[in-house]
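Please read the structure below before turning to the comments.
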Amino acid sequence: MTDHKDVLARDISAKSESMQAHLIAIRRDIHAHPELGFDTQRTATLVEQELLRLGLVPKTGVGRTGVMVDIVGAHPGKTVLLRADMDALPIHEQTGLSFSSQYPGKMHACGHDIHTATLLGVAAIVPYYRAQLHGTLRLIFQPAEETPESGAEAMIADGAADGVDLAITLHNKPELAAGEIGLTRGASTASSDEFDVVVHGKSTHAARPHMGTDPIIAAVNLVSQLQTIISRELDPANSAVLTIGHIHGGTTHNIISDSCLLQGTVRAKSPAARTHIEEAFKRICAGVALSLNVRVEVNYQRGVPPLMNDDGLIDALEPILSHQFGKAIVAKPSASFGAEDFSLFTERVPGCQIHIGSGAPGRDDHLHNSDYQPDERSIHAGTQALARLAIDLLS
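Take a look at the structure:
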């Protein structure tokens, strides 16, 4: 007797395979016309037109330029959200591909073109199974994932997370071969906070340092002491990163300046570590100000939180994906300190990020690189994975 789940796995795979040429053509169109931040009007229009062609009724202008569509099952139940991001990066493409970016200084170097094409594949497959669905599948196509001003935040403000019970996103991963799937326990990505610190002293001639207060000396002490937050205050198993990316002070050789600027970023993989670092940062700044007789002005700006995968959801997804792909899908900790604004969804509801292998044979690709060339077979794998998850979670 044939198992229903085996039939479902083969059916999803066959449907996905049949539309690959079309989805790859969509991906290449998006790749050739990259758009930044919220300026994703062309991509959003392409998505809208494809959803309309599939007989769906999308809502546009969500979060300014986002697109959202609900696929409602035949029975009442929970709402599962799947997200793809649409924006590109301010990078000049160097791939030499026939469908390279037509816009100088803009490139899909993070694979969001892959994500968008994949979610459109899901939109084509899931309606075939409406009769067995208990609840609603919500698909959102988000702008501005790569920018400080968050597209996820804007879409949430416009109601994208309203009524949602579970939220899942995908990301292509060139460290995995095309066709491989990765699940992560705990934090999938880190928080991303930024700081601007101005150390104010008193200027004087370099030959008369006793007549001023040197902000550069204070800044040097500050840089050294701030690193001890990571090395001496955090549990080594609960890692974080604090980086000073920019220092500017003074104008010439023989003047002690009035001020010195420090700018940098903090990345943490747990809410507790994130909070501790911010508190310790401000404490050390106040201590240096007192000990070296300077005034330290701190502007500490919180960005997106860490993306915390829900372990219960990971436990549910492992057997589904293992069955779809006919091999065990192992959930491992993540080494990434990148940031991801999908964390604003997973702060609200249980959720996770799954990784879709995009590494091409013979290449050693990395995200955010001007020569990034993901294997387009990742679209087939991603379409199968998300479609199967949606159907099983709502059945």
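Letter by letter, the sequence shown follows residues 3 to 397 in the numbering used here. From the three backbone atoms N, C-alpha and C, an ideal C-beta is built for every residue, glycine too.
Report the CB separation of residue i from residue j in whole angstroms; it is logged as a contact under 8 Å.
i, j, result
"Thr-1", "Met-88", "Not covered by the structure: residue 1. The range shown for the chain is 3 to 397."
"Gly-359", "Leu-178", "3 Å"
"His-173", "His-357", "6 Å"
"Leu-246", "Val-268", "For clarity, residue 246 is Ile in the given sequence; the question names Leu instead. At roughly 10 Å, the Cβ-Cβ gap does not stay under 8 Å, so Ile-246 and Val-268 are not in contact."
Looking at the structure shown, is residue i part of a helix, part of a strand, or coil, going by DSSP?
i, result
"Met-109", "strand"
"Gly-266", "strand"
"Ser-345", "helix"
"Met-88", "coil"
"Met-213", "helix"
"Gln-432", "Since the first residue shown for the chain is 3 and the last is 397, residue 432 is missing from the structure and cannot be characterised."
"His-207", "strand"
"Ile-14", "helix"
"Lys-175", "strand"
"Lys-329", "coil"
"Val-128", "helix"
"Met-70", "strand"
"Gly-314", "helix"
"Met-3", "Residue confidence is low: Met-3 scores 46 on pLDDT, short of 50, so the model does not pin down where it sits. No coordinate-derived value is stated."
Per DSSP, what are the beta-bridge partners of residue i in this structure?
i, result
"Ala-221", "Paired residue(s): none; Ala-221 is not in a bridge."
"Ala-242", "Ala-270"
"Phe-197", "Gly-266 and Tyr-302"
"Ala-392", "Ala-392 is not bridged to any residue."
Taking all protein chains shown into account, do 16 or more other C-beta atoms lie within 10 angstroms of the C-beta of residue i, making it buried, or fewer, making it exposed?
i, result
"Asp-5", "exposed"
"Val-82", "buried"
"Met-109", "buried"
"Tyr-374", "buried"
"Pro-150", "exposed"
"Met-3", "With a pLDDT of 46 at Met-3, under the threshold of 50, the modelled position of this residue cannot be trusted; read the value that follows with caution. Result: exposed."
"Thr-118", "buried"
"Gln-386", "buried"
"Val-59", "exposed"
"Ser-261", "buried"
"Met-213", "exposed"
Short check: CB of residue i to CB of residue j, under 9 Å?
i, j, result
"Ala-383", "Ile-183", "yes"
"Leu-91", "Leu-141", "no"
"Gly-353", "Ala-162", "no"
"Leu-53", "Val-71", "yes"
"Asp-195", "Asn-301", "no"
"Lys-271", "Pro-308", "yes"
"Ser-380", "Ser-190", "no"
"Gly-79", "Thr-138", "yes"
"Ala-146", "Gly-39", "yes"
"Ala-220", "Val-296", "yes"
"Glu-349", "Leu-185", "no"
"Ala-389", "Ile-14", "yes"
"Leu-391", "Ile-322", "yes"
"Leu-346", "Ala-154", "yes"
"His-278", "Gly-266", "no"
"Gly-165", "Pro-376", "no"
"Thr-97", "Ser-397", "no"
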